[in-house]
Amino acid sequence: MDAQPNSLEARDIHYHLHAYTNARKHQETGPVIIEKGDGIYVEDNAGNRYIEAMAGLWSVAVGFSEQRLVDAAARQFAKLPYYHSFSSKAHSPLIDLAEKLVKMAPVPMSKAFFTNSGSEANDSAMKMVWYRSNALGQPQRKKIISRKRGYHGVTIASASLTGLPANQTSFDLPIANVLHTSSPHYWREALPGESEEQFSTRLANDLEQLILAEGPETVAAFIGEPVMGAGGVIVPPAGYWEKIQAVLAKYDILLIADEVICGFGRTGNMFGSQTFNMRPDIMVMSKQISSSYQPISALMINERVFEPLADESNRIGTFGHGFTCGGHPVAAAVALENLNIIEERDLVGNARRVGAHMLKRLGELASHDLVGEVRGVGMIAAIELVGDKAAKAPWGNAGALGGLVNDLLRQNGVISRNMGDALAFCPPLIITEAQVDTLVDVVKRALDTAAVQIKG
Ligand code: PMP
178 MDAQPNSLEA RDIHYHLHAY TNARKHQETG PVIIEKGDGI YVEDNAGNRY IEAMAGLWSV
238 AVGFSEQRLV DAAARQFAKL PYYHSFSSKA HSPLIDLAEK LVKMAPVPMS KAFFTNSGSE
298 ANDSAMKMVW YRSNALGQPQ RKKIISRKRG YHGVTIASAS LTGLPANQTS FDLPIANVLH
358 TSSPHYWREA LPGESEEQFS TRLANDLEQL ILAEGPETVA AFIGEPVMGA GGVIVPPAGY
418 WEKIQAVLAK YDILLIADEV ICGFGRTGNM FGSQTFNMRP DIMVMSKQIS SSYQPISALM
478 INERVFEPLA DESNRIGTFG HGFTCGGHPV AAAVALENLN IIEERDLVGN ARRVGAHMLK
538 RLGELASHDL VGEVRGVGMI AAIELVGDKA AKAPWGNAGA LGGLVNDLLR QNGVISRNMG
598 DALAFCPPLI ITEAQVDTLV DVVKRALDTA AVQIKG
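Written out as structure tokens, the structure is:
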């Protein structure tokens with residue numbers, strides 16, 4: 178019999194299937210094992226320290242060592258470590274958080290509903306939209322329009338909403354009733370000479386054509402991230418959300434804003450919906466709601482959604498939906514404290530001010546041979562890497578250069594994430610200008626090293 182593996186690395190390879198990892202390659206390369214964190218830094222088990230320039234998975238607003246969140250969790254564990262919200266039960270952290278969210282909402286919202294992940298929240302949004310259509314006596318109105326490159330999660334429904342091939346290929350997705358319209362990636366998809374406004378008009382027309390082809394009476398909702406994250410940090414072009422919303426209003430289609438990344442300051446306002454003048458009927462939130470110290474996500478729904486849903490639950494006898502740990506008291510207590518910190522320390526203002534500095538400093542790299550575009554808003558940005566600048570063409574296979582530079586960054590103390598050739602920067606909202614300067618210096622050196630390596 179084989180000897181039992183005993184190093185952490187060997188045990189990881191032996192026992193653990195990784196999320197979002199090439200499982201075969203992982204057997205060769207092994208894991209990066211992160212042991213601890215402080216501020217914007219994390220440290221691995223070999224003692225290497227990294228600037229966590231992705232805030233984990235776009236999520237740790239307050240950094241990796243916020244004692245107030247530890248204390249909030251400990252207090253709640255001691256008082257009531259678990260309870261639920263089925264059958265009219267509640268607990269105070271959940272009520273406090275629901276009230277806080279509804280009062281923070283940038284457009285009138287009626288109720289908050291709690292789930293454990295962004296995927297579950299988007300699944301729940303889809304179910305609520307279907308339930309509502311049935312309540313309104315419009316059982317044919319079930320289609321949801323999402324976008325290519327959009328990211329909404331990995332459960333069967335939310336992976337169907339996601340518009341990225343890796344989430345659907347070989348998973349037999351998407352399911353029925355999900356459609357995908359064009360993505361607002363101006364740099365990559367605009368026609369020669371097309372202005373941002375013209376591009377936005379064309380995309381709104383694409384959407385209207387899709388709605389007409391499907392039959393407007395069959396379309397229930399449109400879902401979109403204010404700024405696309407996992408699709409490559411795609412900031413919508415000028416006029417985009419105004420024009421899209423005009424089409425939705427014309428056909429009485431609900432808007433779901435997936436604020437899972439944008440919510441709680443990332444774009445320089447509390448919500449991405451404010452940055453882009455969106456007026457959603459449903460808002461989906463997770464990640465920075467608790468700085469991901471605890472798993473929690475939430476939906477807010479307005480009266481247009483709540484009222485028919487309430488009627489339908491009355492007709493059936495219950496709203497037959499909910500999760501055992503949805504709105505978990507410890508997660509809710511941590512989320513409340515996290516939101517208080519974001520407000521007290523004006524981390525939204527910090528995202529705006531230091532984010533502007535980050536965009537300016539990253540913008541200086543736009544002239545680099547390997548950089549096709551630098552884009553971003555608030556404290557979220559990406560550098561799109563190219564092998565041939567004029568042709569906007571990748572170096573070798575798409576994603577190869579992104580992977581190479583991402584590895585160089587890690588070797589030099591920065592954790593970023595390449596989505597294909599788009600290298601993302603989404604640091605904790607507490608980052609300072611001096612820390613941004615250090616980060617950008619490392620990025621520049623990595624680009625220079627990559628240029629030497631690939632051009633010889
Ligand atoms: N929506 C968006 C916009 C996201 O970025 C993500 C996660 N990256 C999700 C939904 C899914 O969240 P989770 O991984 O918690 O299911």
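This note's numbering numbers the first residue of the sequence shown as 178 and each following residue consecutively.
A virtual CB, placed ideally from N, CA and C, is assigned to each residue, including glycine.
Just so you know, these numbers come straight off a predicted model, no measurement behind them.
Within 8 Å of the C-beta of residue 295 there is at least one heavy atom belonging to ligand 1. For the options 576, 595, 275, 229, the alpha carbon positioned closest to that of residue 289 is the one of 275. Leaving aside the five residues that flank residue 209 on each side, the residues in its chain whose CB is nearer than 7 Å to its CB run, in chain order, 221. Ranked by how close their Cα comes to the Cα of residue 431, the residues 499, 438, 422 have 422 in first place.
Rounded to whole angstroms, residue 212 and residue 259 show a C-alpha spacing of 27 Å. The beta-carbon separation of residue 460 and residue 487, rounded to 19 Å, does not stay under the 8 Å limit for a contact.
In the DSSP assignment, residue 227 falls outside any alpha helix (DSSP H) and within the unbroken beta strand (DSSP E) covering 226 to 229. Ranked by how close their Cα comes to the Cα of residue 207, the residues 215, 188, 225 have 188 in first place. DSSP places residue 357 in no alpha helix (DSSP H) but in the uninterrupted beta strand (DSSP E) bounded by 355 to 358. Between residue 333 and residue 590, the C-beta gap is not smaller than 9 Å, which leaves the two residues out of contact. For the pair of segments examined, the segment 487 to 507 was found to touch the segment 261 to 281: the number of CB pairs separated by less than 8 Å reaches three.
Ranked by Cα distance from residue 574, the options 568, 598, 593 are led by 598.
Residue 371: not part of any beta strand (DSSP E); DSSP gives it neither H nor E.
A straight-line Cα-Cα distance of about 7 Å links residue 480 and residue 286.
Comparing alpha carbon positions, the residue from 562, 390, 533, 443 closest to residue 545 is 562.
Contact between residue 547 and residue 624 is confirmed by a C-beta separation of about 5 Å, below the 8 Å threshold.
The beta-carbon separation of residue 525 and residue 442, rounded to 4 Å, stays under the 8 Å limit for a contact.
Membership of residue 292 in the beta strand (DSSP E) is indicated by the continuous run 288 to 292. Residue environment: residue 511 is assigned as buried (16 or more neighbouring CB atoms within 10 Å of its CB, all protein chains considered). Short note on residue 373: C-beta not closer than 8 Å to any heavy atom of ligand 1. Distance from the CA of residue 497 to the CA of residue 319, rounded to the nearest whole angstrom, comes to 18 Å.
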